[in-house]
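Engineer: If you read the sequences in order, they're chains P and W. The first sequence stops at residue 176 when you use my numbering, and every number in between is there. The second sequence stops at residue 176 when you use my numbering, and every number in between is there. In this text, a Cβ means the ideal position worked out from N, Cα and C, and glycines have one as well. Please read all numbers here as calculations on a predicted model, not as lab measurements. If you scroll down you'll find the structure; I have some questions about it.
Protein chains: 2
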Amino acid sequence: MNETNNWAEALRTRNLKATTNRVGVLQTIEEFDKAIPHSKIQDRLQKVDRVTLYRTLNSLIESGMIHKVSVENDEIFYAICSQKCTTEEHNHQHVHFKCTNCNEVSCVQSNSIETLNLPGYKIESFEIQAKGICSNCS
Amino acid sequence: MNETNNWAEALRTRNLKATTNRVGVLQTIEEFDKAIPHSKIQDRLQKVDRVTLYRTLNSLIESGMIHKVSVENDEIFYAICSQKCTTEEHNHQHVHFKCTNCNEVSCVQSNSIETLNLPGYKIESFEIQAKGICSNCS
DNA sequence: TTTTTAAATGCAACATTGTTGCATTTAATA
DNA sequence: TATTAAATGCAACAATGTTGCATTTAAAAA
């Protein structure tokens with residue numbers, strides 16, 4: 039989230055040029071309050087070249103400004119990073135939830151996520167993907 | 039797991055014809071004790087048509103004999119269902135773990151998985167994907 | 001403000017992954 | 001052994017993602 043909506047500033051902070059495309063992509067993702075599918079970003083930014091969109095999304099992920107959300111084998115979704123993610127590490131403490139009714143995908147904060155423990159395994163990161171009925175639909 | 043390795047019988051039980059291709063796919067997945075990437079199944083069964091492999095994998099998933107394992111945006115992996123999965127429902131109580139050292143993906147049983155709870159959301163199923171160092175590599 | 005320059009972009013071409021239709025083959029049943 | 005519905009293989013297509021390269025643009029220097 040970026041209260042002042044000054045994505046240009048946020049981009050420069052991370053040593054990325056504040057181009058029209060990048061700001062447009064960030065605004066598009068932000069406006070959609072759920073996680074937004076790749077195709078929907080492209081639909082809303084038809085002037086942006088397909089290849090450029092791929093490269094833009096990758097650089098924003100790399101810089102820790104957005105993250106991918108994949109649930110099942112669906113299309114890939116994207117969401118703004120609400121935590122302090124960096125180039126070095128994305129660190130999300132939320133569940134990626136897909137509603138089987140409205141098909142929307144969202145990042146849901148959970149205070150019940152504690153660390154995962156698998157004897158013999160050294161866990162660096164983990165992610166929870168859930169399916170069910172979202173609060174809007176139930 | 040199928041002790042007698044009689045996959046033909048298991049297929050007929052589920053009203054699937056016990057074809058050479060299907061038995062071959064099941065054996066290939068079983069032999070690889072980790073989850074096996076799609077491309078590796080194809081490599082080992084070069085005589086099987088590409089399209090047939092896709093359709094075979096789908097029917098085996100549909101029948102509850104195997105399940106997909108996807109971690110991050112990698113290639114899709116497959117594993118034999120060790121639980122009593124059915125056409126109606128796959129029901130796995132394990133973590134999908136990807137080792138960042140050897141890149142192998144495995145299904146790891148965990149007794150620490152309890153139900154996930156998100157206030158306002160009705161959770162039908164959830165899956166945990168973890169990354170780190172596996173027991174072999176550490 | 002203008003010039004410089006490295007990063008970002010757009011385009012064409014390619015690569016990979018997954019799907020559909022249809023004629024042929026095969027496993028299971030009669 | 002004959003029958004038949006399911007499974008297969010092939011060709012063609014569709015969707016998704018990548019690479020190389022010439023052009024444009026944002027940011028910094030002059």
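1. Evaluate C119 of chain P with the Cβ neighbour count: other Cβ atoms within 10 Å of its Cβ, from every protein chain shown; 16 or more gives buried, anything less gives exposed.
2. Helix or strand or just coil, what does DSSP make of Q84 of chain P?
3. If we require 4 or more residues per run, which alpha helix (DSSP H) segments fall completely within the stretch 49-119 of chain W?
4. Since I161 of chain P is in the beta strand (DSSP E), which residue starts that stretch and which ends it?
5. Of the residues that make up the stretch 144-168 of chain W, which ones have a beta carbon closer than 7 Å to any beta carbon in chain P?
6. Among W:I161, W:S144 and W:S173, whose alpha-carbon lies nearest the alpha-carbon of G158 of chain P?
7. Would you call the stretch 64-77 of chain W and the stretch 107-126 of chain W touching, i.e. three or more CB-CB distances under 8 Å?
8. Beta-carbon of T124 of chain W versus every beta-carbon of chain P: anything under 8 Å?
9. Let me see if you follow: with CB-CB separation under 8 Å, is I171 of chain W close to chain P or not?
10. Give the straight-line distance between the Cα atoms of K55 of chain W and A46 of chain W, rounded to the nearest whole angstrom.
11. Closest by CA to C124 of chain P, which one among P:N141, P:L98, P:C137 and P:N139?
12. Below 8 Å on the Cβ atoms is my contact criterion, and I expect L154 of chain P with A168 of chain W to pass it. Report the Cβ-Cβ distance as a whole number of Å.
13. From which residue to which residue does the beta strand (DSSP E) around Q131 of chain W run?
14. Give a yes or no on whether 8 Å exceeds the smallest Cβ distance from T138 of chain P to chain W.
15. Where DSSP assigns a beta bridge to S144 of chain W, which residues make up the other side?
16. Determine, using beta carbons only, whether S108 of chain W and H132 of chain W come nearer to each other than 8 Å.
17. Using a Cβ-Cβ distance under 8 Å, would N111 of chain W count as near chain P?
18. Taking all protein chains shown into account, do 16 or more other C-beta atoms lie within 10 angstroms of the C-beta of T42 of chain W, making it buried, or fewer, making it exposed?
19. Between which residues of its own chain and F164 of chain W is the CB-CB distance below 7 Å, once the five residues before and five after are set aside?
20. Please state the DSSP three-state secondary structure of E152 of chain P.
21. For the candidate residues P:D71, P:V63 and P:E162, whose alpha-carbon lies nearest to that of Q80 of chain P?
22. Pick out whichever of W:F70, W:E127 and W:N139 has its Cα sitting closest to the Cα of I171 of chain W.
23. Hey, is S97 of chain P's beta-carbon within less than 8 Å of any beta-carbon in chain W?
24. Answer with buried or exposed for T94 of chain W, where buried requires no fewer than 16 other C-beta atoms within 10 angstroms of its C-beta.
25. Out of curiosity, what's the CA-to-CA distance linking T57 of chain P and F70 of chain P?
26. State yes or no: is the beta carbon of F135 of chain W nearer than 8 Å to at least one beta carbon in chain P?
27. Ordered along the chain, which non-local residues of its own chain (more than five positions away) have a Cβ less than 7 Å from that of M39 of chain W?
28. One question on the structure: do R52 of chain W and S101 of chain W come within less than 8 Å of each other, judged by their Cβ atoms?
Structural biologist: For this structure:
1. buried
2. coil
3. 58-69, 76-82 and 88-100
4. It spans K160 to I171 - the beta strand (DSSP E) in which I161 of chain P sits, taken as one unbroken run.
5. V146, S148, S150, L154, N155, L156, G158, Y159, K160, I161, E162, S163, F164, E165, I166, Q167 and A168
6. The residue with the shortest Cα to Cα distance from G158 of chain P is W:S173.
7. yes
8. no
9. yes
10. 8 Å
11. The amino acid at residue 124 of chain P is misidentified as Cys; the sequence shows Thr. The residue with the shortest Cα to Cα distance from T124 of chain P is P:L98.
12. 6 Å
13. It is not in any beta strand (DSSP E) - Q131 of chain W carries neither H nor E in the DSSP assignment.
14. Answer yes: the Cβ-Cβ gap between T138 of chain P and chain W drops below 8 Å somewhere.
15. W:F135
16. Going by C-beta atoms, S108 of chain W is not nearer than 8 Å to H132 of chain W.
17. Yes, because at least one Cβ of chain P sits closer than 8 Å to the Cβ of N111 of chain W.
18. Unreliable positioning characterises T42 of chain W in this predicted model, as indicated by a pLDDT of 42, which lies under 50. The coordinate reading is nonetheless provided below. It counts as exposed.
19. L154
20. coil
21. P:V63
22. W:N139
23. no
24. buried
25. 20 Å
26. F135 of chain W counts as touching chain P.
27. Any answer about M39 of chain W is weak, because its pLDDT of 46 lies below 50 and its placement is not dependable; what the coordinates show is given next. These residues qualify, in order along the chain: I118 and S120.
28. The Cβ atoms of R52 of chain W and S101 of chain W sit closer than 8 Å to each other.
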